[in-house]
Structure formats: structure tokens, C-alpha cells
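*Asks:* Counting with UniProt numbering, you get residues 1 to 118 for the letters of the sequence shown.
Quick one: this structure, given as C-alpha cells, is what I'll be asking you about.
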Amino acid sequence: MSPRWYEEGEEPDYRFTLANERTFLAWLRTALALVAGSVALMQFVPQFSVAGLRAALAALLAVTGTLLAGFGYRRWARVQRAMRHKRPLPMTWLPFIVGWAAAATGAVVLVVVLASVR
């Protein structure tokens, strides 16, 4: 059972459809890695000196991973529709959002690590 829009327009070159699918799967792998990182952070990393920081970072990773999975599908569908109707590919904010969420998490972890060295 496919979405109704999947039958609209013309069938694109199968190589583009498969490339779009591979990109979607890469977004899903990234989403799963973020959620797994969240679980690992809560289960294997000791509490930080700042109360609640570990849980906040884990929540940030889990929320980012969860949203990424949903928005990854949305992006796949939008690209597929654009290809079927021979329109330009839509712009996405996914790399920007995921990049900044990862950078924010990394910056906080770096500050915590440097503070614990003193």
C-alpha cells in the first residue's frame, strides 16, 4: 500500500529513487545513533557535577533522534514528489538542526570534561 501521491506524475529514473531511499536510510541510522547515545549516556556515564545535566543531554539526544526519524521520512516523501513532478528538490533544515544539536551536546560535554580535570 503506497501513498496516493506516489502514483502521481511520472516515474523517475530508478537510480534517483534509490539514491533518495539511501539518503532516508542514512537519516534513520543517524536518528537511531542519537537515541542509542541517549540511552548510553544515561546508563553508562556517571552523574556530572551539575545536577540534571546528564539527563538534559540525554533528553536532547533522544528528542533530536526522534524528530530526525519523522522529519527524515517527510524529506524523503517531499523529494520523491518533486522528482515525480519534475520540480526542483526542496530545501531542508535537517542538517542545520542535527549539526547544531550535536555541536551543543559536544560543547556541553567538553565544558564538563574540562571542569572535572581541575
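Virtual Cβ for every residue (Gly too), placed ideally from N, Cα, C.
Everything numeric in this text was worked out from a predicted model, so none of it was measured.
1. For the alpha helix (DSSP H) that S38 lies in, which residues bound it at each end?
2. I'd like the list of long-range same chain contacts for L53, defined as Cβ closer than 8 Å, with 5 residues on each side in sequence excluded.
3. Hey, how far is the Cα of A104 from the Cα of W76?
4. Which of helix, strand or coil does DSSP assign to L94?
5. Using 8 Å as the cut-off, can you tell me whether the region 48 to 64 makes contact with the region 76 to 89, which would need three or more C-beta pairs spanning the two stretches below that distance?
6. Once you ignore the five residues that flank V35 on each side, which residues in its own chain have a CB closer than 8 Å to its CB?
7. Can you list, in chain order, the residues of its chain with a C-beta nearer than 6 Å to that of A101? Leave out the 5 residues immediately preceding and following it.
8. Assuming W76 is part of the alpha helix (DSSP H), what are its boundary residues?
9. Helix, strand or coil: how does DSSP classify G9 here?
10. Just mark L57 as buried or exposed, buried being the case when its beta carbon has 16 or more other beta carbons within 10 Å.
11. Step through the CB atoms of chain D and report whether any lies within less than 9 Å of the CB of V108.
12. Please return the same chain residues whose Cβ sits closer than 6 Å to the Cβ of R78, not counting the five positions on each side in sequence.
*Replies:* In short, the structure shows the following:
1. Y14 to F44
2. V108 and V112
3. 26 Å
4. helix
5. no
6. L61, A62, G65 and T66
7. T64
8. L53 to R84
9. coil
10. buried
11. Looking at the structure shown, chain D is missing, and only one protein chain is on hand.
12. P90
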